[in-house]
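Start counting the sequence shown at 137; every next residue gets the next number (the working numbering).
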Amino acid sequence: MKKKLFIFLTLIVWISCSSWGFFAHQNINRMAVFILPANMIRFYKNNILYIKEHAVDADKRRYSDTAEAPRHFIDADRYGKKPFDSIPEKWVDAELKFTANRLIENGIVPWQIERTYYSLVKAFRERDSIRILRLSADLGHYISDAHVPLHTTENYNGQLSGQTGIHGFWESRLPELYSGEYDFITGPAKYLENPLKEAWKMIRNSHSLLDSTLLIEARLNKSIASDLKFSFSERGDKIERQYSKEYSRAYHTALKGMVENQMRASVLMTGSFWFSAWVDAGQPLLKNFTQTEISKEEKISSDNAESLYIKGRIIGRAEN
Ligand SMILES: [Zn+2]
């Protein structure tokens, strides 16, 4: 009996999760297309499958490129009690104060959003349709990551507070279960004067939600019998463990719309960043753009990233 239990326990695996889950990332990018103005929407709608499918390329790249991992988070709490008083907003100032190595170690998502934004402006200016699509997909990804409270802390998976697994719980399991009930009406994309300031604004807001994200789950964990917390399902020779529907519903309700609000804000910001990049590029006419083929090298490198990803060869941090 004991032996059987041991085997059972060793075969239990967590259902794998990535940032916002594939499901949420893809849907955020897809929905952002619909808030674009008339002279942009046709081009994006014609390529909506690309924008959606490539919403998770940035996560896939983490498996083959060591430089990729820090682009998805910022461990704000590593900069002290009042991190946002301490970290200079501009990369050059922050680098001067902390060194590039330290910044990279603690995650660079706000600067990555800025960098991808200006690459997108350039791609619009050059009328390079495939780069526009690729960078739009990536930008949507980084913006969405910045909306996840657990992407702003070194306790990113609750591993420092006895809550390991909360990362995928919040950003994958909950939207997969409940986003059908969400209201995604955001209003049209708006022009953003200062993309870097906007990136910091979303991170400050996400970080302000971190305490509730963790405390509410910790409280719930105490109030619900442990055998109700997880559900198990069989897949092949493995038993997969995930947060049960009852536990997920209780957490989701106690969060009072937090996941929904953050997902909706991700849609609005993604569309607004795309729109602003197009405006900053001088509003080029998109109707003549055709989708160009990706180069052979690009295809090989993306296939390579994908196969490493499937094999689960991880470089860098797993949960962001
Ligand atoms: Zn990510």
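Just so you know, even glycine gets a beta-carbon here, dropped at the ideal spot from N, CA and C.
None of the values given here were measured: they were computed from a predicted structure.
Which two residues bound the contiguous beta strand (DSSP E) that contains residue i?
{"i": "Phe368", "result": "366-371"}
{"i": "Glu376", "result": "374-379"}
Rounded to whole angstroms, what's the CA-CA distance from residue i to residue j? Just pull it up for me.
{"i": "Phe220", "j": "Tyr253", "result": "22 Å"}
{"i": "Glu204", "j": "Lys188", "result": "20 Å"}
{"i": "Asn237", "j": "Asp363", "result": "44 Å"}
{"i": "Pro420", "j": "Trp410", "result": "13 Å"}
{"i": "Met176", "j": "Thr406", "result": "14 Å"}
{"i": "Ser408", "j": "Phe366", "result": "39 Å"}
{"i": "Met167", "j": "Arg355", "result": "34 Å"}
{"i": "Ile375", "j": "Gly301", "result": "16 Å"}
{"i": "Ser359", "j": "Leu286", "result": "23 Å"}
{"i": "Gln299", "j": "Lys217", "result": "22 Å"}
{"i": "Gln162", "j": "Glu290", "result": "26 Å"}
{"i": "Ile164", "j": "Met399", "result": "7 Å"}
{"i": "Ala230", "j": "Leu275", "result": "22 Å"}
{"i": "Leu310", "j": "His388", "result": "7 Å"}
{"i": "Ser344", "j": "Val284", "result": "11 Å"}
{"i": "Leu313", "j": "Leu232", "result": "44 Å"}
{"i": "Ala335", "j": "Gly372", "result": "43 Å"}
{"i": "Thr288", "j": "Pro206", "result": "11 Å"}
{"i": "His277", "j": "Ala194", "result": "7 Å"}
{"i": "Gly304", "j": "Tyr379", "result": "10 Å"}
{"i": "Lys423", "j": "Ser265", "result": "11 Å"}
{"i": "Lys381", "j": "Phe179", "result": "40 Å"}
{"i": "Gln295", "j": "Leu332", "result": "30 Å"}
{"i": "Tyr199", "j": "Asp213", "result": "26 Å"}
{"i": "Leu269", "j": "Leu391", "result": "34 Å"}
{"i": "Ala174", "j": "Gln248", "result": "28 Å"}
{"i": "Tyr292", "j": "Leu350", "result": "10 Å"}
{"i": "Lys196", "j": "Tyr215", "result": "28 Å"}
Return the first residue and the last residue of the alpha helix (DSSP H) that residue i is part of.
{"i": "Ala282", "result": "265-282"}
{"i": "Arg197", "result": "193-197"}
{"i": "Asp221", "result": "219-222"}
{"i": "Arg261", "result": "245-261"}
{"i": "Ala236", "result": "236-242"}
{"i": "Thr406", "result": "394-416"}
{"i": "Ser297", "result": "Per DSSP, Ser297 belongs to no alpha helix (DSSP H) and is neither H nor E."}
{"i": "Asp347", "result": "346-359"}
{"i": "Phe159", "result": "157-169"}
{"i": "Asn175", "result": "174-182"}
{"i": "Leu310", "result": "310-314"}
Should residue i go down as buried or exposed, given a rule of 16 or more other Cβ atoms within 10 Å for buried?
{"i": "Asn183", "result": "buried"}
{"i": "Gly316", "result": "exposed"}
{"i": "Ile223", "result": "buried"}
{"i": "Val228", "result": "exposed"}
{"i": "Phe368", "result": "exposed"}
{"i": "Leu271", "result": "buried"}
{"i": "Gly323", "result": "exposed"}
{"i": "Thr235", "result": "exposed"}
{"i": "Cys153", "result": "Since pLDDT at Cys153 reaches only 42, below the 50 mark, its modelled position is unreliable, and the value read off the structure follows with that caveat. By the 10 Å Cβ count, Cys153 comes out buried."}
{"i": "Asn330", "result": "exposed"}
{"i": "Leu328", "result": "buried"}
{"i": "Leu185", "result": "exposed"}
{"i": "Lys181", "result": "exposed"}
{"i": "Thr202", "result": "exposed"}
{"i": "Leu172", "result": "buried"}
{"i": "Asp281", "result": "buried"}
{"i": "Asp211", "result": "buried"}
{"i": "Arg297", "result": "Looking at the sequence itself, residue 297 is Ser, so the reference to Arg does not match. With fewer than 16 Cβ atoms within 10 Å of its Cβ, Ser297 is classed as exposed."}
query = Three or more C-beta pairs closer than 8 Å, one from the stretch 255-266 and one from the stretch 316-329: is that the case here?
reply = no
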